[in-house]
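Data block below; observations after.
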Amino acid sequence: SLRVNLDMGKAAYGWMIMKDDNIPGTVVRTSTIPEELGRLVYLLTDKTGTLTQNEMIFKRLHLGTVSYGTDTMDEIQSHIINSYSQVHAQNSGNSTSSTPSRKPQSSAPKVRKSVSSRIHEAVKAIALCHNVTPVYESRAGVSGETEYAEVDQDFSDENRTYQASSPDEVTLVQWTESVGLTLVNRDLTSMQLKTPGGHILTYYILQIFPFTSESKRMGIIVRDESSGDITFYMKGADVAMSTIVQYNDWLEEECGNMAREGLRTLVVAKKSLTEEQYQDFESRYNQAKLSIHDRNLKVAAVVESLEREMELLCLTGVEDQLQADVRPTLEMLRNAGIKIWMLTGDKLETATCIAKSSHLVSRTQDIHIFRPVATRGEAHLELNAFRRKHDCALVISGDSLEVCLKYYEHEFVELACQCPAVVCCRCSPTQKAHIVKLLQHHTGKRTCAIGDGGNDVSMIQAADCGIGIEGKEGKQASLAADFSITQFKHIGRLLMVHGRNSYKRSAALGQFVMHRGLIISTMQAVFSSVFYFASVPLYQGFLMVGYATIYTMFPVFSLVLDQDVKPEMALLYPELYKDLTKGRSLSFKTFLIWVLISIYQGGILMYGALLLFESEFVHVVAISFTALILTELLMVALTIRTWHWLMVVAEFLSLGCYVASLAFLNEYFGIGRVSFGAFLDVAFITTVTFLWKVSAITVVSCLPLYILKYLKRKFSPPSYSKLTS
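The opening residue of the sequence shown carries number 1 in the UniProt record's numbering; numbering runs sequentially from there.
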């Protein structure tokens with residue numbers, strides 16, 4: 001009975017979550033753990049796409065000496081228009097016209113390229129080095145020249161959309177389009193750019209090295225159709241690129257500056273190759289691809305032979321804006337006693353900036369940035385420095401975390417758990433899952449992981465409760481999770497309202513079902529002991545079946561509609577959620593109280609019926625069973641905190657079913673052979689004697705509990721009752 005009731009209850013909670021209009025699009029994929037939402041202590045969240053929208057806006061282009069922001073993009077546009085008009089003028093034999101362009105201020109001894117040509121190179125690199133494909137909605141699949149004619153018609157149209165695996169890439173290509181260099185076509189072997197003057201430039205793709213989370217960079221080798229020049233372009237994270245590009249004095253500093261503004265940075269570089277160099281590379285590359293042992297390592301080694309002394313072109317910064325209502329949601333979760341850990345693959349500065357702007361770390365709080373450590377001694381010193389600080393947020397990188405966990409796992413987790421917020425940056429997917437398991441192992445508390453991409457799946461599956469967000473990165477996370485939501489702000493209502501209610505309702509329902517079973521067992525025990533332990537069943541077949549089904553099923557199950565405070569109140573006072581993590585709704589103490597209630601009531605009902613019974617046993621059964629049903633219905637009424645119309649219907653429906661069944665179940669009210677043929681006397685049921693005896697027994701069994709409950713509420717009211725009054 002307990003298993004069935006709880007499973008049906010869980011299904012009901014899932015249905016309520018999916019039907020909630022305040023969190024549209026929420027999907028419950030696991031019907032077995034809605035109560036876990038009510039007792040979370042740690043929330044581990046991803047950054048990109050979870051706290052932020054994953055909609056990138058191009059903000060900054062830095063060339064080393066000049067930096068362009070959103071307000072100076074028109075200068076870039078004019079440089080691009082000038083440089084391409086020069087190129088076409090030269091191509092047509094008219095090489096005299098050359099526009100004077102601004103020279104950088106520094107007077108270096110070697111001949112520096114003009115700003116104009118550097119912008120030209122940088123924009124061209126961004127327009128070529130990517131994995132983006134332009135898509136036209138209305139184009140039919142026509143082959144040959146007609147296709148190009150049709151493409152030409154479409155260039156001017158607004159129906160070109162870009163498709164790529166990452167939103168960063170799309171943003172960069174859209175930006176080059178806005179300054180005049182447009183990607184108009186791409187297939188496996190070539191791509192075409194359109195210049196501001198409307199000319200088409202074709203580049204053949206010779207090799208492409210896709211982005212991986214290990215290498216943190218992507219490269220492409222292209223050949224210019226008109227000149228035949230071969231160029232190797234590359235873009236990637238500054239950590240990966242700083243060792244690859246030629247020596248410079250500005251890259252690291254500028255990356256830090258951009259990251260502190262919360263921008264995601266990409267470094268773009270190029271290398272010109274001669275035909276011989278490329279042929280040599282290609283033969284070695286193909287050789288490596290054919291090797292049977294350590295193929296990946298050999299291929300990587302060949303590619304790395306190219307990645308040397310590359311010319312640094314520019315540094316780009318794109319901004320990823322926070323999702324709606326992230327700040328109030330994080331604040332609410334913090335007030336509810338949930339500790340929030342942000343695990344991200346971004347740079348330390350970017351992660352810290354987002355943590356501050358999303359109020360994950362409050363403005364007044366100190367932040368302890370864990371210095372990079374590589375050895376046991378360094379880790380020991382750094383942990384000691386951290387131990388001396390109180391109530392400060394921790395920011396740590398994945399590499400340092402790895403070292404700390406290797407040597408000082410217990411001490412580190414103990415210190416980190418005392419922090420109000422923790423930010424781990426440069427985390428790999430396996431590290432994310434490892435952190436979840438560590439928290440579960442060391443604290444024994446419930447953890448919840450929330451993410452939006454394939455890289456968060458391992459973390460979501462490791463946590464006690466996984467929540468996926470349907471974002472720009474596909475549905476891997478939302479399909480792997482137990483609950484799937486559309487926006488981060490929905491998590492507030494999911495936990496504070498649905499999680500809290502599910503936990504409290506299941507606790508009440510579970511204990512009530514145990515009480516219902518124990519009370520009838522106690523009655524049977526008392527009955528048998530009074531009659532010299534004779535093995536005579538007190539209630540025959542149908543009464544036993546009916547007791548747990550039609551007579552008491554609906555009122556008991558209606559406890560799943562019970563709520564102690566209104567949803568608005570639960571959201572307004574998230575501190576109510578904190579009480580649940582102590583586990584007081586369902587503990588040995590509450591279970592033993594219900595056991596005592598069951599024994600008391602069972603004893604009273606049986607002894608009362610035996611004291612007051614009339615000439616035949618049949619009356620014992622009738623009186624005790626009627627009193628039992630009434631007691632159960634009254635106890636449900638006593639347990640309910642907020643009445644719902646369906647509860648009232650259930651109470652009266654059950655009572656009605658019982659009264660109706662008295663008429664045609666009369667043969668069941670006899671006991672054993674004693675009353676064989678002694679049918680229930682309908683006349684007896686309708687007498688005043690029967691009614692007062694039943695009422696007296698019921699009052700004795702229930703009234704003391706009502707009085708105790710009233711006194712308890714008066715002298716030590718629960719936290720929620722202070723809000724409802």
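Backbone N, C-alpha and C fix where the C-beta goes; we use that ideal spot for every residue, glycine too.
Subject >> Run of the alpha helix (DSSP H) containing W594, from where it starts to where it stops >> reply: Working through the sequence shown from its first residue, we reach residue 594 at position 594. According to the DSSP assignment, W594 belongs to the alpha helix (DSSP H) that extends over F588 to L612.
Subject >> Contact check, V318 vs M56, beta carbons under 7 angstroms >> reply: Here residue 318 refers to the residue found at position 318 when the sequence shown is read from its first residue. Here residue 56 refers to the residue found at position 56 when the sequence shown is read from its first residue. It is a contact, given that the beta carbons lie within the stated cut-off.
**OP:** Tell me whether A324 is buried or exposed, calling it buried when 16 or more other Cβ atoms sit within 10 Å of its Cβ.
**Re:** Taking the sequence shown and counting its residues from 1, one reaches residue 324 at position 324. A324 should be labelled exposed.
Original post:
By how many angstroms is the C-alpha of L561 removed from the C-alpha of S721?
Top reply: On the sequence shown, position 721 is the one that residue 721 refers to. On the sequence shown, position 561 is the one that residue 561 refers to. In a straight line, the C-alpha of S721 is about 18 angstroms away from that of L561.
**OP:** Find out if the Cβ-Cβ distance for the pair T231, K194 is shorter than 7 angstroms.
**Re:** Position 231 of the sequence shown, counting from 1, holds the residue named residue 231. Position 194 of the sequence shown, counting from 1, holds the residue named residue 194. Cβ atoms of T231 and K194: not closer than 7 angstroms.
**OP:** Tell whether a beta-carbon distance below 7 angstroms holds between R446 and D564.
**Re:** Counting from 1 along the sequence shown, the entry for residue 446 is found at position 446. Counting from 1 along the sequence shown, the entry for residue 564 is found at position 564. No, they are not a contact pair.
Original post:
What span of residues does the alpha helix (DSSP H) with S357 cover, start to end?
Top reply: As a working note, residue 357 is residue 357 in the sequence shown. First-last of the alpha helix (DSSP H) with S357: L348 to S357.
**OP:** Look at the alpha carbon of R308 and the alpha carbon of N22, and state the distance between them as a whole number of angstroms.
**Re:** On the sequence shown, residue 308 is found 308 positions in, with the first residue counted as 1. On the sequence shown, residue 22 is found 22 positions in, with the first residue counted as 1. Near 55 angstroms, if we compare the C-alpha coordinates of N22 and R308.
Original post:
What does a CB cutoff of less than 6 angstroms around F211 pick up in its chain, not counting 5 residues either side in sequence?
Top reply: Walking along the sequence shown from the start, residue 211 turns up at place 211. M218, listed in sequence order.
**OP:** Determine the burial state of A477: buried for a count of at least 16 other Cβ atoms within 10 Å of its Cβ, exposed for fewer.
**Re:** For the purposes of this step, residue 477 is taken as the residue at position 477 of the sequence shown. So A477 counts as buried.
Subject >> Three-state secondary structure (DSSP) of Q192 >> reply: Locating residue 192 in the sequence shown gives position 192, counting from the first residue. Of the three classes helix, strand and coil, the one that applies to Q192 here is strand, per DSSP.
Subject >> Cβ-based neighbour list, Q387, same chain, cut-off 7 angstroms, excluding 5 preceding and 5 following >> reply: The sequence position of residue 387 within the sequence shown is 387, counting from 1. Note on residue identity: the sequence assigns Arg, not Gln, to residue 387. Only L415 meet the Cβ criterion.
Original post:
Do I519 and G602 have their C-beta atoms within less than 7 angstroms of each other?
Top reply: Indexing the sequence shown from 1 puts residue 519 at position 519. Indexing the sequence shown from 1 puts residue 602 at position 602. Cβ atoms of I519 and G602: closer than 7 angstroms.
Original post:
In terms of DSSP beta bridges, what is D320 paired with?
Top reply: Start at 1 with the first residue of the sequence shown, and residue 320 comes out as number 320. Note: D320 sits in a beta bridge opposite M56.
Subject >> Length at least 4, wholly inside the region 467-538: the alpha helix (DSSP H) runs in chain order >> reply: 476-480, 490-493 and 500-530
Subject >> Residues of its chain near S164, where Cβ-Cβ distance is below 8 angstroms and the 5 sequence neighbours each way are ignored >> reply: In the sequence shown, residue 164 corresponds to position 164, counting from 1. In the sequence on display, residue 164 carries Ala and not Ser. Excluding sequence neighbours, A164 sits near H130, N131, V132, T133, V170 and V173.
Subject >> Best match in T590, R505, V620 and V497 for proximity to E568 [C-alpha to C-alpha] >> reply: The count along the sequence shown starts at 1 and reaches residue 568 at position 568. If we check each option's Cα against that of E568, V497 comes out closest.
**OP:** Measure from the alpha carbon of T32 to the alpha carbon of each residue in G236, K389 and K10, then state which is nearest.
**Re:** Here the question's residue 32 lines up with position 32 in the sequence shown. Between T32 and the set G236, K389 and K10, the nearest pair of CA atoms involves K10.
Original post:
Residues bridged to Y42 by DSSP?
Top reply: Within the sequence shown, residue 42 is the residue found at index 42, counting from 1. Paired residue(s): K339 and T447.
Original post:
Taking the C-alpha atoms as reference points, what is the distance between L40 and I435?
Top reply: Looking up residue 40 in the sequence shown gives position 40. Looking up residue 435 in the sequence shown gives position 435. Answer to the nearest angstrom: the Cα atoms are 16 angstroms apart.
Subject >> Candidates K289, L312 and L360: closest to L43 by CA position >> reply: Position 43 of the sequence shown, counting from 1, holds the residue named residue 43. The residue with the shortest Cα to Cα distance from L43 is L360.
Original post:
Using the beta-carbon count (16 or more within 10 Å), is residue 769 buried or exposed?
Top reply: Because residue 769 is not part of the residues shown, which for the chain are 1 to 725, the question remains open.
Subject >> 3 or more residues per run - each beta strand (DSSP E) lying fully within the region 414-444 >> reply: 421-425
Original post:
Counting Cβ pairs closer than 8 angstroms, one from the region 422-436 and one from the region 395-403, do we hit at least three?
Top reply: yes
**OP:** Figure out for me which residue from I467, L315 and R334 has the closest Cα to the Cα of A259.
**Re:** Reading the sequence shown from its first residue, position 259 is the one you call residue 259. A259 has its Cα closest to that of L315, out of I467, L315 and R334.
Original post:
Which value, in whole angstroms, describes the spacing of the CA atoms of E411 and K298?
Top reply: Within the sequence shown, residue 411 is the residue found at index 411, counting from 1. Within the sequence shown, residue 298 is the residue found at index 298, counting from 1. The C-alpha of K298 is placed about 40 angstroms away from the C-alpha of E411.
Original post:
At a cut of 8 angstroms, does the region 454-472 reach the region 351-358 through at least three beta carbon pairs?
Top reply: no
Original post:
Taking the Cβ atom as the reference point for each residue, do L312 and N248 lie within a distance shorter than 7 angstroms?
Top reply: Here residue 312 is taken as the residue at index 312 of the sequence shown, counted from 1. Here residue 248 is taken as the residue at index 248 of the sequence shown, counted from 1. For L312 and N248, yes; Cβs fall inside 7 angstroms.
**OP:** Given a cut-off of 7 angstroms, decide if C255 and T243 are closer than it, judged by their beta-carbon atoms.
**Re:** Along the sequence shown, one-based indexing puts residue 243 at 243. Along the sequence shown, one-based indexing puts residue 255 at 255. Not a contact, by the Cβ cut-off of 7 angstroms.
Original post:
Who pairs with V267 in a beta bridge, going by DSSP?
Top reply: On the sequence shown, residue 267 is found 267 positions in, with the first residue counted as 1. Answer is G236 and L315.
Original post:
Cβ atoms of M606 and M523: under 7 angstroms apart, would you say?
Top reply: Residue mapping note: residue 523 aligns to position 523 of the sequence shown, counting from 1. Residue mapping note: residue 606 aligns to position 606 of the sequence shown, counting from 1. Yes, they are a contact pair.
Original post:
Tell me, which residues are paired with R713 by DSSP?
Top reply: For the purposes of this step, residue 713 is identified with residue 713 of the sequence shown, where counting begins at 1. In the DSSP output, where bridge partners are listed per residue, R713 has none listed.
**OP:** Answer yes or no: do A118 and Y136 have a C-beta to C-beta separation smaller than 7 angstroms?
**Re:** If you number the sequence shown from 1, residue 118 lands on position 118. If you number the sequence shown from 1, residue 136 lands on position 136. The sequence shown places Arg at residue 118, rather than the Ala named in the question. Result no, Cβ atoms of R118 and Y136 do not sit closer than 7 angstroms.
**OP:** Look at the Cβ atom of Y658, then the Cβ atom of Y551, and state whether they are nearer than 7 angstroms.
**Re:** The sequence position of residue 658 within the sequence shown is 658, counting from 1. The sequence position of residue 551 within the sequence shown is 551, counting from 1. Result yes, Cβ atoms of Y658 and Y551 sit closer than 7 angstroms.
Original post:
Using the C-alpha atoms, what's the distance from Y577 back to F533?
Top reply: Here residue 533 is taken as the residue at index 533 of the sequence shown, counted from 1. Here residue 577 is taken as the residue at index 577 of the sequence shown, counted from 1. Answer to the nearest angstrom: the Cα atoms are 49 angstroms apart.
Original post:
DSSP state of R118, grouped into three classes?
Top reply: Numbered from its first residue, the sequence shown carries residue 118 at position 118. Residue state, collapsed to three classes: helix.
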